[in-house]
Amino acid sequence: MEFFVGILNYLVFFAITAGIYAILSLGLNIQWGYTGLFNIGIAGFFAVGAYTSALLCGPPPGPMDWRIIGGFQLPFVVGLLGAAAACGIIALLIGIPVLRLKEDYLAIATLGIAEVIRLILKNESWLTNSVWGLKHIPSPWQVPIQGKIFAFLKTHPLLPAWLQSFISNGYNWFFLALVLLTLGLIYWVSEKSIRSPWGRVLRAIREDEVVAGASGKNVFFFKMQSLVIGAMIMGIAGGFYAHYVKFIDANTFEPLYGTFLIWVMLIAGGSGNSKGAILGSFVIWGVWAGTDLITAYLALSGVRAASLRIIAIGIMLEVILLKRPQGMLGEEKRVSKMF
Amino acid sequence: MTEGSVILEIKKLEKSFGGLKAVDRCSIEVKEGSITGLMGPNGAGKTTLFNLITGFYKSDKGEIWFHEEEITGLPVHKVVRKGIGRTFQIPRELREMTVLENLMLVPDNQKGEYIWNSLFRSRSVRAQERYIQDKALDVLEFLELIDLREEYAKNLSSGQKKLLELAKSLMAEPKLILLDEPGAGINPTLMKKLNRNIEQLRERGKTFFLIEHDMDLITYLCDTVIVMDRGRELVQGTPEEIKKDERVIEAYLGRA
Amino acid sequence: MSLLKAVNIKVGYGETEILHGVSMEVNEREIVCVIGPNGAGKSTLMKAILGLLKPSQGEIIFDGDDITSLASEQRVRRGICYVPQSENIFPSLTVEENLEMGAFTSQDDYRVRMKEVYHIFPDLKETRKQKVRKLSGGQRQMVAIGRALMLNPKIILLDEPSAGLAPRLVKLIFDRIVLINHSGTAILMVEQNARQALGLSHKGYVLVMGRNRFEDSGQALLENEEVGRLYLGG
Amino acid sequence: MSLLSRLPQLVIYGIISGSIISLGAIGLSLTYGILNFSNFAHGDIMALGAFLALAFLLLLRGLGMSENIFYPLSFGLPMVISFLLAMAATAGIAIFIDRILYSRLRKTGPVTLLVAAVGVAFFLRNIIQFIWGPQPQYYIKEIQIAWKIPFLGIRIKPDEIFIIIVAALLVVFLHLFLQKTRMGKAMRASADNITLARVCGINTERVIMWTWGIGTALAAAGGILAGIENKFITPNFGWDMLLPIFAAVILGGVGSPYGALLGGMVIGLSGELSTLFISTAYKPAVAFIIMVVMLLIRPRGILGGK
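Residue numbers (our numbering), protein chains in the order written: chain A, 1 to 339; chain B, 1 to 256; chain C, 1 to 234; chain D, 1 to 306.
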């Protein structure tokens, strides 16, 4: 029974991470799947979301900290909104110079902004605490939930050990619920919007900007909306991540975890399809976690093991592009469906 | 229909491409409610003129007036909103979208194009969508594309794509429709239907300005024909007059 | 003697058939001109002869051999060269380099041939070190034709060589075409500028809606009243 | 030290890093010109070159090749041979990747190629990391003493002079290749108009192979020179180069190799000169800001291009 609980606890941990990735994938799906915007700076938005929320909700700087700003101890929801807003503003600023140009330019501009963000995280210690990172980021309602309710239940003598162990992990269940609720909400937004005339314009732009323009649509404006909304969603994912892991620093948001995996998830699941984006996230995160077992079996060092896993995932991406470019689910044939 | 009032006026328009004057001090008027044909030999500047009117190209000099309002230099989407629709000579379909979606994209001022409305005011958006879909289905029915409504546009044959292009121009409900060789690649039966449709739309107050080479089609449809040569208007008149005009034959055959 | 022969060619793009069975013939050392209203399929005929489009029916005979199934490069090597109507030069290369590209598949020393081309187009010799991007429309057209001449072809296909040129330059280009012909190359050209083109052609074809309509000597076609009317679909 | 007195020294550093960036940017520009495709793996190709050189160097040392250095340079014959072998091997690998991957995706459309290139970038970086691990690797560990040049007040190491000369030589070779050889001219012709190139009987698939080969060999050279300059190489080096080389290409005008050279120099110089005013840590950001400004005012770049 305890073994079973252990697995269950692992699954919760797995689902939380995969759920956060699924939110990121949905953000990318709006940009790439719906509109054809090539964003390879996802890590930057992910990081900005995490830091913004952490600074808004986290504790004030301690005596050992370099930073002199932040720690407003605001509610979690405010943190998420702030994360979304910060990412939206950055997306807007990148969009202005490059959204009128060919898609490659957006790609390189997003890459550039991600790099600049990484430099700021590393160097601006007054804001980001530099390499020491931000610590003690509070998980939402952890104190009341874990501290009172579970503390009472888990030591209750009538409960068997496995149940106590199960309950001691109870807060994660609550966090998972929060993640899934948000994921569901964002799923609802992206599904509803892609089936609406708004989404139709985005897809038209993806297919042929000239035609969309000739139909009287303001292509630049729609691309901007897509870029900004996608970025805001990525920011929200960043917020969740920060509040889940409680500690973030500049190295948390490497291009690999922040950008590459998400691309693979979306392509594998089926870009242009929200269900595909979510499915892809869970499957690829599963593959990622699964390869961990293999590299552990091979007894490789941490970095080597990670490299081997990325090599495998990279080959997988190329094979998908060659053999099944539409991904597992692919786009639905007729997307516009309001009724 | 106000006989004689000018809907589109082009004044001394100029456009060069690397030293080559594609449109050269071109002045043209299109009367409201007319079906005006635009002819001319290859390289006369017809398609360039269309691209200038619709904002795809920016003119070097000159003015374009639509409904007594200057539209020179407006971006494409604003020109469309003023009420000028166009078709492309070579069809440009939205490949990975269905035929129906291709059409439903076109109407302007859709409430659901604002994301806020499509998320939170779905009732009114839905009503409008239903209206637009009915309209699109009508157009498809008319052009005999109805069976293909759920097909990807990329899977259509080239003749069907040409029809789709026409269907899209019908969806836009513009006041002035520019058709770039509507007749090319369409079978005669459909062509007749198309003619009838254009006539009907004209009776409802639409104006047509079309590039066409098929003289039969022009004779049948157009009340006025403008012949362009070397970037400007050469002759204007009824189809009968044009056919007899020596200058036109000269332009087509080249000077001796 | 017959050099190039197209027999009952049917060809089109995708499902749209443009030529519904066109036949034509060019003899050695002849200038043949194909005219007709827009959309008659003149350029399509050129592309079919060069092999850029595959005919669904009919055959193309060159120098006694059936070349219908050969690839374009093989046709080029046998001596059919083609000057497209637009985008027929390499703008960022110099005149000389453009000509060299024309001789890319040739094993011989291209400089010998280049001299002959400069002999036909002396203006090109003066601008040989200039980038073609900087040349005028007429000069560009000369570069394009010169490039095609570099392989010393038996026949050269010209798609509207006078399109977009000022009248003075049109005359110049046509003069040069005659000169090329005098040096022994057969010419098949599609022209909008029918009067001038027919005036120098040995033979002309009038194509209408993808079918042969008239075939006669250039002069006879010029004098044919009906040809003019045909252009206007009358 | 006053700002002004540091200037000559920074210009030297700028030229060195400009040389390295240019070699990467030229290759990127060449492949873009013909394939119309931004190769996001190009930075990692540079790193691949640098590590292949290391592999060859270790191999030659292992075979017992003597390390007699070319005084005053800090390295000897094994390094030079490794340099050339690594350029060739990088080109070979790039052509191989094109055959098995890119060439099959070309008809699918340009955006799929972009995604594929991002995949290749991560793939290459992690192959390197898997073999060598994340720690810095060294070609030569000895520290070289810089020469002081009187009057100008600058210091320059003999290796750095070597870097500038080699980069300049490679650029001259490339120039001669593009201008004088048949294949070079065919490459330029294909970049202009690939359909017309086919009509001329040019085998454009061969041209594409040559373009990959030359572009990536130059990238490899850039990577190795960077390794000589920095004294060490890391698997992440390619990623760090990506932004400067793209900025250089955009600055010079996409598709123009000469523009890329110019752009590379500008990016290199401005990166170094920026340290007069802002923290060294933000050097990479300078390239990005120059690029964004360029996109705002003149998206076609200094030398036009496509």
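Where a beta carbon is used, it is the ideal one built from N, C-alpha and C, also for glycine.
For clarity, every value in this text was computed on a predicted model and none was experimentally measured.
Inspect the beta-carbon positions of K185(D) and E73(C) and report whether they are closer than 8 angstroms. Stepping through the fourth sequence from its first residue, residue 185(D) is reached at position 185. Stepping through the third sequence from its first residue, residue 73(C) is reached at position 73. Not in contact: K185(D) and E73(C) (Cβ atoms no closer than 8 angstroms).
Of the listed residues V143(C), K10(C) and M114(C), nearest to F90(C) (C-alpha basis): Residue numbering aside, residue 90(C) sits at position 90 when the third sequence is read from its first letter. Closest option to F90(C), Cα to Cα, is V143(C).
Does any C-beta atom of chain D lie closer than 8 angstroms to the C-beta of E115(A)? Against the first sequence, residue 115(A) aligns to sequence position 115. At least one chain D Cβ lies under 8 angstroms of E115(A).
Just mark I131(D) as buried or exposed, buried being the case when its beta carbon has 16 or more other beta carbons within 10 Å. Taking the fourth sequence and counting its residues from 1, one reaches residue 131(D) at position 131. Exposed.
Count the other CB atoms, across all protein chains shown, that sit within 10 Å of the CB of F253(A); report buried if there are 16 or more and exposed otherwise. The sequence position of residue 253(A) within the first sequence is 253, counting from 1. Under this definition F253(A) is a buried residue.
Could you have a look at H175(D) and say whether DSSP puts it in helix, strand or coil? Here residue 175(D) is taken as the residue at index 175 of the fourth sequence, counted from 1. Helix.
Using the three-state DSSP reduction, which class does Q57(C) fall into: helix, strand or coil? Along the third sequence, read from residue 1 onward, the residue named residue 57(C) stands at position 57. In this structure, Q57(C) counts as strand in the three-state DSSP scheme.
Extent of the continuous beta strand (DSSP E) to which Q236(B) belongs: Sequence index remark: in the second sequence, residue 236(B) carries index 236 (1-based). Following the DSSP letters along the chain, one finds Q236(B) inside the beta strand (DSSP E) bounded by residues R232 to G237.
Do I117(A) and V228(A) count as a contact pair if the criterion is CB distance below 8 angstroms? By 1-based counting over the first sequence, the position of residue 228(A) is 228. By 1-based counting over the first sequence, the position of residue 117(A) is 117. No, Cβ-Cβ distance for V228(A) and I117(A) is not below 8 angstroms.
Residues near I42(A) in its chain [Cβ-Cβ closer than 7 angstroms; skip 5 each side]: To locate residue 42(A), count along the first sequence from 1; it is residue 42. Hits under 7 angstroms: L24, L28, M234, G258, T259 and I262.
Considering only C-alpha positions, which residue in the set W188(A), L26(A), A237(A) and E209(A) is nearest to F54(A)? As a working mapping, residue 54(A) is identified with position 54 in the first sequence. Here residue 54(A) is Ala; the residue named in the question, Phe, does not match the sequence. Considering only alpha carbons, the answer is A237(A).
I'd like to know whether the C-beta atoms of V22(C) and N212(C) end up nearer to each other than 8 angstroms. The residue given as residue 22(C) occupies position 22 in the third sequence. The residue given as residue 212(C) occupies position 212 in the third sequence. Contact: yes.
Do V7(C) and Y205(C) count as a contact pair if the criterion is CB distance below 8 angstroms? In the third sequence, the residue the question calls residue 205(C) occupies position 205. In the third sequence, the residue the question calls residue 7(C) occupies position 7. The answer is no: Cβ separation not under 8 angstroms.
What would DSSP say about T295(A), mapped onto helix, strand or coil? Looking up residue 295(A) in the first sequence gives position 295. Residue state, collapsed to three classes: helix.
The stretch 48-60 of chain B touching the stretch 75-92 of chain B, judged by at least three CB pairs closer than 8 angstroms: yes
Of all Cβ atoms in chain B, is any one closer than 8 angstroms to the Cβ of G228(C)? As a working mapping, residue 228(C) is identified with position 228 in the third sequence. So yes, G228(C) belongs to the interface.
Establish whether the CB of G43(B) and some CB of chain C are separated by less than 8 angstroms. Locating residue 43(B) in the second sequence gives position 43, counting from the first residue. Yes, its Cβ sits closer than 8 angstroms to a Cβ of chain C.
Span separating the alpha-carbon of G234(C) from that of G40(B): Here residue 234(C) refers to the residue found at position 234 when the third sequence is read from its first residue. Here residue 40(B) refers to the residue found at position 40 when the second sequence is read from its first residue. Unreliable positioning characterises G234(C) in this predicted model, as indicated by a pLDDT of 41, which lies under 50. The coordinate reading is nonetheless provided below. Looking at the two C-alpha atoms, the distance is approximately 15 angstroms.
What does E160(C) touch in chain B if you count any residue whose Cβ is under 9 angstroms from its own? Here residue 160(C) refers to the residue found at position 160 of the third sequence. Result: N42 and G43.
Shorter than 8 angstroms from the beta carbon of S86(C) to some beta carbon of chain D? Your numbering for residue 86(C) matches position 86 in the third sequence. Judged by the 8 angstroms Cβ criterion, S86(C) is not in contact with chain D.
So, at 8 angstroms on beta carbons, what are the nonlocal neighbours of T207(B) in its own chain, with the 5 sequence-adjacent residues on each side left out? By one-based count along the second sequence, residue 207(B) stands at place 207. So the list reads I7, L8, V30, K31, E32, G33, S34, I35, T36, K175, L176 and I177, once near-sequence residues are dropped.
Kindly indicate if chain B contains any beta-carbon less than 8 angstroms away from that of N98(C). As a working note, residue 98(C) is residue 98 in the third sequence. Closer than 8 angstroms to the CB of N98(C) there is not a single CB belonging to chain B.
Taking Cβ-Cβ distances shorter than 7 angstroms, what residues in chain A pair up with M291(D)? Counted from its first residue, the fourth sequence places residue 291(D) at position 291. The contacting residues are G112.
Which ranges does the alpha helix (DSSP H) cover as unbroken runs of at least 4 residues, wholly within the stretch 100-181 of chain D, from first to last along the chain? 110-132 and 158-180
For M101(C), decide whether its Cβ has a neighbour in chain D, counting only Cβ atoms nearer than 8 angstroms. In the third sequence, the residue the question calls residue 101(C) occupies position 101. It does: the Cβ of M101(C) has a partner Cβ on chain D nearer than 8 angstroms.
Which residues of the stretch 94-118 of chain D have a Cβ closer than 7 angstroms to any Cβ of chain A? Give them in chain order. L101, R104, L105, T108, V111, T112, L114, V115, A116 and V118
Indicate whether at least one CB of chain D lies closer than 8 angstroms to the CB of F220(A). Position 220 of the first sequence, counted from the start, is the residue given in the question as residue 220(A). Output row for F220(A): interface = no.
Put V125(B) into one of helix, strand or coil per three-state DSSP. Taking the second sequence and counting its residues from 1, the one referred to as residue 125(B) is at position 125. Three-state DSSP puts V125(B) in a helix.
Cutoff 8 angstroms: K333(A) Cβ touching any chain B Cβ: What you label residue 333(A) is simply residue 333 of the first sequence in a count that begins at 1. It does: the Cβ of K333(A) has a partner Cβ on chain B nearer than 8 angstroms.
Same chain only: Cβ atoms within 6 angstroms of R128(C), ignoring 5 sequence neighbours per side: By 1-based counting over the third sequence, the position of residue 128(C) is 128. Correct list, in chain order: V95 and E96.
How about Y82(C): is its C-beta nearer than 8 angstroms to some C-beta of chain D? Your numbering for residue 82(C) matches position 82 in the third sequence. Interface residue, yes.
Across the stretch 126-143 of chain B and the stretch 64-72 of chain B, are there enough close Cβ pairs to call them in contact, namely three or more that are closer than 8 angstroms? no
Do L93(A) and L37(A) have their CB atoms nearer than 8 angstroms? Residue numbering aside, residue 93(A) sits at position 93 when the first sequence is read from its first letter. Residue numbering aside, residue 37(A) sits at position 37 when the first sequence is read from its first letter. No, the Cβ-Cβ distance between L93(A) and L37(A) is not below 8 angstroms.
State yes or no: is the beta carbon of G112(B) nearer than 8 angstroms to at least one beta carbon in chain A? Taking the first residue of the second sequence as position 1, residue 112(B) is located at position 112. With 8 angstroms as the cut-off, G112(B) counts as an interface residue toward chain A.
So, using beta-carbon positions, are I163(D) and I16(D) closer together than 8 angstroms? Here residue 163(D) is taken as the residue at index 163 of the fourth sequence, counted from 1. Here residue 16(D) is taken as the residue at index 16 of the fourth sequence, counted from 1. Yes, Cβ-Cβ distance for I163(D) and I16(D) is below 8 angstroms.
Nearest-angstrom Cα distance between K168(B) and V249(D)? For the purposes of this step, residue 168(B) is identified with residue 168 of the second sequence, where counting begins at 1. For the purposes of this step, residue 249(D) is identified with residue 249 of the fourth sequence, where counting begins at 1. Rounded to the nearest angstrom, the two C-alpha atoms are 40 angstroms apart.
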